[in-house]
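The listed protein sequences correspond, in order, to chains H and V. Following our numbering, the numbering of the first sequence begins with -15 at its first residue and continues without gaps. Following our numbering, the numbering of the second sequence begins with 24 at its first residue and continues without gaps. Glycine is no exception: its CB is placed at the ideal position from the N, C-alpha and C atoms. In this text, all values refer to a predicted model and were calculated from it rather than measured experimentally.
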Amino acid sequence: MLKTVKNSVKNDSNFIDVEKVRRDFPLLQNHYNGRPIAFLDNAATTQKPQVVLDKLNEFYTQYNANVHRAIYHIGEQATREYEDARKKVSDFINAPDPSTIIFTRGATEAINLVAYSWGRHNLSPGDEILITEMEHHSNIIPWQLAVKDTGATLRYIPLHLPVDGTLDLQSLEVNLTNRTKLVAIVHQSNVFGTINPVKKIIKAAQSVGALVLLDSAQSVPHSKVDVQALDCDFLVFSGHKMMGPSGVGVLYAKETLLNSMEPFMGGGEMISTVSMEYSTWNDIPWKFEAGTPNIAQAIGLGAAVDYLNELNMESIHAHENELMDYASDMLKNTPRVILYGNGSKRGAIISFNVEGIHPHDLAQILDQDGIAVRAGHHCAQPIMKRLNVPATTRASFYVYNTKDEIDRLCEGIEKAINLLC
Amino acid sequence: MYDIRELYQQLIIDHSKNPKNFTVLKDANRSANGDNPLCGDKVTIYLKLEDDVIQDISFQGSGCAISKASTSIMTTSLKGKTVEEFQTFFDIFHQMVTTGKTDSIVLGKLAVLSGVHQYPVRVKCATLAWHTVKNALEDGIRKIATTE
Ligand SMILES: Cc1ncc(COP(=O)(O)O)c(C=O)c1O
Chain H
-15 MLKTVKNSVK
-5 NDSNFIDVEK
5 VRRDFPLLQN
15 HYNGRPIAFL
25 DNAATTQKPQ
35 VVLDKLNEFY
45 TQYNANVHRA
55 IYHIGEQATR
65 EYEDARKKVS
75 DFINAPDPST
85 IIFTRGATEA
95 INLVAYSWGR
105 HNLSPGDEIL
115 ITEMEHHSNI
125 IPWQLAVKDT
135 GATLRYIPLH
145 LPVDGTLDLQ
155 SLEVNLTNRT
165 KLVAIVHQSN
175 VFGTINPVKK
185 IIKAAQSVGA
195 LVLLDSAQSV
205 PHSKVDVQAL
215 DCDFLVFSGH
225 KMMGPSGVGV
235 LYAKETLLNS
245 MEPFMGGGEM
255 ISTVSMEYST
265 WNDIPWKFEA
275 GTPNIAQAIG
285 LGAAVDYLNE
295 LNMESIHAHE
305 NELMDYASDM
315 LKNTPRVILY
325 GNGSKRGAII
335 SFNVEGIHPH
345 DLAQILDQDG
355 IAVRAGHHCA
365 QPIMKRLNVP
375 ATTRASFYVY
385 NTKDEIDRLC
395 EGIEKAINLL
405 C
Chain V
24 MYDIRELYQQ
34 LIIDHSKNPK
44 NFTVLKDANR
54 SANGDNPLCG
64 DKVTIYLKLE
74 DDVIQDISFQ
84 GSGCAISKAS
94 TSIMTTSLKG
104 KTVEEFQTFF
114 DIFHQMVTTG
124 KTDSIVLGKL
134 AVLSGVHQYP
144 VRVKCATLAW
154 HTVKNALEDG
164 IRKIATTE
């Protein structure tokens, strides 16, 4: 009896009418080779709902002007919309104040901003940065460059062996010392889908006085993320992975850090006064937004946030969990499929290989049936090395995906086996 | 509607499953490694070159069906060819996989790879081994990466 009640409550708050959602996405109405497009590469980027496309159109047709400068009314409207978008993003991740939200070009630029503006001024020989073997290249290379410039040392938390898609957290304790200045870690793996126990890691880092950067490129689009509850120092994500336009991303950082950090790029907008000899910086967040920003994209991201809120992040997460359970079961029962990663907490990303078929051949054959998956190293070559494979195939889901598309994926795999094996 | 079988023709599948000359050549006097970092394809070419004639050729490595088949068929086509003939083959093959223009009289079995030109991202799969042979002939031993 209790169970029934629980279920019905759950159903009410979690209901996603996926067919209705799909109608909001013009691209998903297209066909390829006579089949509807099954877009299963959402970890790479996501499709855009009509409201986001309309918002971009609205900006360009009604109030296209530069921000923070114009006296005329469309300039004021552009500024208002741009700053409204910042407020929406700020609320979305429960940031304490919109001034802690910096618009960047994407997660990559946000990490680089931290590596330059914080890293270059706070690291010296003897200091250590701790990352993991699970990182996207965008959370490896900026730190490799930073330690090269500063003489600091880069250390890695290894993957748990044999590889199950989780981190070896015992080694966290060994690697985390008072030399550690920053722990930069992926919130949700773009290869395994693993959701790392970041709260625990943040606590551990704080106990040795290290700062924590979360690469939340794969988590913010799919679940409720609360920066104050997490108490992370930096958090980054990309707009295009959450239904927003490409070319906009976000750096959240604690206010005290942003105030003490040097600017990233120099130019217009980020200054307060400029003389021939020296300049003073604008307040945050503008101190970090040199030049004309990505106005349309940021406003578009604001519209994406509205859309996600309307669907409800918990409902999105529940829908994706259901898809993920279904995909795991279906793929487990598909011949020759080897699944990678079985962490207990996972987002809707599944990496696999089909014995005897190279991922590129598989992706090519699936493409013929209108199924878009990713084949490659997913910008995570250290993981491929640990898995001892050149590449994997990856299917990643979003709220608009269906079980029918997963069925098509499995049929496509069997088709590839028949063709190539 | 295109048919994927135009790309994965039976001959390609056969060669990818049972590649020819897939071995280390004991008396090779030239060799080179080819690497396609984007796909993770790797190939090592072994050559026995005498008086500008490819007396023997073999390969090792891993890759997709297209790259394996292309390498395998290439090795069967190059045995007994002069370095100059290789250069002609290289140019005609390269033209075929990039434009679809086929000279099947010269290319013979290699013409089976003409479907590749429909898939620009796969061109590098088909040409990796060719670039590697070119390198083995020019430099003997050097690691190369295709740029296509
Ligand atoms: C985990 C993770 N971090 C960072 C990035 C980089 O995002 P962007 O290329 O949008 O800057 C990605 C994108 O694939 C990602 O999956």
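Supposed contact pair residue j and residue i - C-beta distance, whole angstroms, cut 8 Å
| i | j | result |
| --- | --- | --- |
| Val234/H | Ile85/H | 6 Å |
| Gly331/H | Gln154/H | Between Gln154/H and Gly331/H the Cβ distance is about 24 Å, and since that is not below 8 Å, they are no contact. |
| Ile68/V | Ala55/V | 5 Å |
| Ala69/H | Gly286/H | 3 Å |
| Ile199/H | His301/H | Checking the sequence shown, residue 199/H turns out to be Asp, not Ile. With a Cβ gap of about 19 Å, Asp199/H and His301/H do not count as contacting. |
| Tyr156/H | Ile141/H | Residue identity check: residue 156/H is Leu in the sequence provided, not Tyr. Yes, they are in contact, since the Cβ atoms of Leu156/H and Ile141/H sit about 5 Å apart, within 8 Å. |
| Gly284/H | Lys39/H | 5 Å |
| Leu197/H | Ala168/H | 4 Å |
| Ala282/H | Met254/H | Not a contact, Cβ separation roughly 16 Å. |
| Leu133/V | Phe116/V | 6 Å |
| Val357/H | Leu24/H | 5 Å |
| Ser81/V | His38/V | Going by Cβ atoms, the distance from Ser81/V to His38/V rounds to 14 Å, so no, they are not a contact pair. |
| Ala22/H | Ile333/H | Going by Cβ atoms, the distance from Ala22/H to Ile333/H rounds to 16 Å, so no, they are not a contact pair. |
| Leu166/H | Ala194/H | 6 Å |
| Trp102/H | Leu241/H | 7 Å |
| Leu30/V | Phe109/V | Rounded, the Cβ-Cβ distance is 25 Å, inconsistent with contact. |
| Tyr382/H | Thr30/H | 6 Å |
| Met35/V | Val135/V | The identity of residue 35/V in the sequence shown is Ile, whereas the question assumes Met. Contact flag correct, Cβ pair sits at about 6 Å. |
| His144/H | Glu246/H | So it is not a contact: roughly 38 Å between Cβ atoms. |
| Ser173/H | Gly149/H | 7 Å |
Bounding residues of the beta strand (DSSP E) (the contiguous stretch that carries residue i)
| i | result |
| --- | --- |
| Ser263/H | Ser263 to Trp265 |
| Gln83/V | Val76 to Ser85 |
| Glu73/V | Asp64 to Glu73 |
| Tyr100/H | Element bounds for Tyr100/H: n/a, residue is neither H nor E. |
| Asn59/V | Arg53 to Asn59 |
| Val321/H | Val321 to Tyr324 |
| Val170/H | Thr164 to Val170 |
| Leu86/H | Residue identity differs from the one stated: residue 86/H is Ile in this sequence, not Leu. Where Ile86/H is concerned, the enclosing beta strand (DSSP E) stretches over Ile85 to Thr88. |
Partner residues on chain H for residue i, Cβ-Cβ distance less than 7 Å
| i | result |
| --- | --- |
| Tyr69/V | Neighbours of Tyr69/V on chain H: none; closest Cβ ~21 Å, over 7 Å. |
| Ala88/V | His342, Asp345 and Leu404 |
Amino acids of chain V, ordered along the chain, whose beta-carbon sits closer than 8 Å to that of residue i
| i | result |
| --- | --- |
| Ala375/H | Cys62 and Gly63 |
Under 9 Å from the C-beta of residue i: neighbouring residues of chain H
| i | result |
| --- | --- |
| Ser85/V | His342 and Pro374 |
Within chain V, the residues that residue i reaches when beta carbons sit closer than 7 Å
| i | result |
| --- | --- |
| Leu349/H | With the sequence shown as reference, residue 349/H is identified as Ile, and Leu is not the correct amino acid for it. Within 7 Å Cβ-Cβ: Ile27. |
| Gln352/H | Ile27 |
Closer than 8 Å at the beta carbon, the chain H residues around residue i
| i | result |
| --- | --- |
| Ile36/V | Leu403 and Leu404 |
Cross-chain neighbours of residue i in chain V, by beta carbon under 9 Å
| i | result |
| --- | --- |
| Gly360/H | Leu61, Cys62 and Gly63 |
| Met368/H | Gly63 |
Closest Cα partner of residue i within the set the options
| i | options | result |
| --- | --- | --- |
| Trp153/V | Lys40/V, Val76/V and Ser93/V | Ser93/V |
| Phe248/H | Glu306/H, Leu403/H and Phe87/H | Phe87/H |
| Pro319/H | Lys183/H, Ala356/H, His144/H and Asn402/H | Asn402/H |
| Gly135/H | Pro109/H, Gly149/H, Asp148/H and Pro126/H | Pro109/H |
| Thr45/H | Met297/H, Asn385/H, Ala280/H and His171/H | Ala280/H |
| Asp388/H | Met368/H, Glu93/H, Ile355/H and Lys369/H | Ile355/H |
| Gly138/V | Phe45/V, Thr121/V and Ile128/V | Thr121/V |
| Leu107/H | Ala94/H, Pro205/H and Lys132/H | Lys132/H |
| Lys399/H | Asn385/H, Pro374/H, Gln352/H and Gln61/H | Gln352/H |
| Ser230/H | Ile322/H, Lys32/H and Ile268/H | Lys32/H |
| Ile95/H | Val211/H, Ala237/H and Met118/H | Ala237/H |
| Met314/H | Ala379/H, His206/H and Thr264/H | Ala379/H |
| Pro60/V | Val220/H, Val373/H and Phe221/H | Val373/H |
| Gly360/H | His344/H, Thr164/H, Arg370/H and Ile349/H | His344/H |
| Lys271/H | Lys329/H, Gly252/H and Leu160/H | Gly252/H |
| Asn50/H | Pro277/H, Asp111/H and Leu350/H | Pro277/H |
| Asn44/V | Leu151/V, Thr98/V and Gly131/V | Thr98/V |
Run of the alpha helix (DSSP H) containing residue i, from where it starts to where it stops
| i | result |
| --- | --- |
| Thr45/H | Gln34 to Gln46 |
| Phe112/V | Val106 to Thr122 |
| Glu395/H | Lys387 to Leu404 |
| Tyr18/V | In the structure displayed, chain V extends from 24 to 171; residue 18/V sits before or after that span and is not available. |
| Val129/V | Ser127 to Leu130 |
| Tyr66/H | His57 to Phe76 |
| Val182/H | Val182 to Ser191 |
| Ile89/V | Ala88 to Leu101 |
Would you mind listing the alpha helix (DSSP H) stretches within the region 276 to 333 of chain H that are 4+ residues and don't spill past its ends, in chain order? 279 to 295 and 297 to 316
Can you check the region 30 to 55 of chain V for any alpha helix (DSSP H) of at least 4 residues that lies completely inside it and give the ranges in chain order? Counting only runs of 4 or more, we get 33 to 40.
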